[in-house]
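So the structure is just underneath, and the comments pick up after that.
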Amino acid sequence: MFKSHVEKHKGEPQSNFDFKMMSAFFSIRDIFKKPKVILENADIKVDDYVLDYGCGPGSYSMVAAELVGPNGQVFAVDRHPLAIKKVNKKAVKRGLNNITTIQTNCKTDLKSCIIDVIFCFDTFHSFTQPKDNLSEFHRILKNNGALYIMDTHLFEDDLILSITGRGLFEFSEKRDEVYKFIKSN
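In my numbering, the protein residues as written are 5 to 189.
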């Protein structure tokens, strides 16, 4: 039922009600599936520049901001204005000054080759133009950077082919539910 709902509404703007329901669900999910444990699979280091693409209410952005420390930077990206508002509010509440929010459906306007780690958790299936998103990821990711995808809405083979099929990324490894891709040069 949920997958058919996702497919039926793919590409449509998410309503405020849907976003609030998703945020409530993520609050419960985060109790059982801790963002910090998931991010341990993403090799985030102190001083890294990290992009959380499809950040939603910011569960992973907050943890990433703590992992990169005060000299690192987290860019929390989402297309929904409530996501941006929620992340900004959480960052202020936690005293995190190293989170920058970006509201967009694709282009980030970041400099090329600036990001060490991109993670895109549970959002890739909703991209209406995945080739544009992957091109943007490739553009902003450093040559030795990595893209981490976790998306339980797609079968493993479909996910890997969707990421590697355009020649921008190569599959590196899978850790638990997190797939690591490296930039093709």
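Glycine is no exception: its CB is placed at the ideal position from the N, C-alpha and C atoms.
Exposure of Val41, with buried meaning 16 or more beta-carbon neighbours within 10 Å: To locate residue 41, count along the sequence shown from 1; it is residue 37. By the neighbour-count rule (16 or more Cβ atoms within 10 Å), Val41 is not buried but exposed.
Segments of 3+ residues assigned as beta strand (DSSP E) that fall wholly inside the segment 120-177: Segments of the beta strand (DSSP E) lying fully in the segment 120-177: 145-154.
Distance between Ala87 and Asp190 (C-alpha atoms, nearest Å): As displayed, the chain neither begins before 5 nor continues past 189, which places residue 190 out of reach and without an answer.
Cβ-based neighbour list, Leu43, same chain, cut-off 8 angstroms, excluding 5 preceding and 5 following: Working through the sequence shown from its first residue, we reach residue 43 at position 39. If you ignore the 5 residues before and after Leu43, its C-beta comes within less than 8 angstroms of the C-beta of Tyr64, Val67, Ala68, Leu71, Phe123, all in its own chain and listed in chain order.
Residues of its chain near Asp51, where Cβ-Cβ distance is below 7 angstroms and the 5 sequence neighbours each way are ignored: Mapped onto the sequence shown, residue 51 falls at position 47. The beta carbon of Asp51 lies closer than 7 angstroms to those of Val72, Gly73, Asn75, Gly76 in the same chain, with the five residues before and after it left out.
Residue from Leu55, Leu100, Ile164, His129 whose Cα sits closest to the Cα of Glu177: Against the sequence shown, residue 177 aligns to sequence position 173. Measuring from the Cα of Glu177, the nearest candidate turns out to be Ile164.
DSSP state of Ile48 mapped onto helix, strand, coil: Along the sequence shown, one-based indexing puts residue 48 at 44. Note: Ile48 maps to coil in three-state DSSP.
Three or more C-beta pairs below 8 angstroms linking the segment 138-145 and the segment 100-112: Three or more pairs of CB atoms, one per stretch, sit closer than 8 angstroms, so the segment 138-145 contacts the segment 100-112.
Given 8 angstroms, three or more beta-carbon pairs between the segment 151-163 and the segment 90-108: Three or more beta-carbon pairs separated by less than 8 angstroms are not found between the segment 151-163 and the segment 90-108, which leaves the two stretches without contact.
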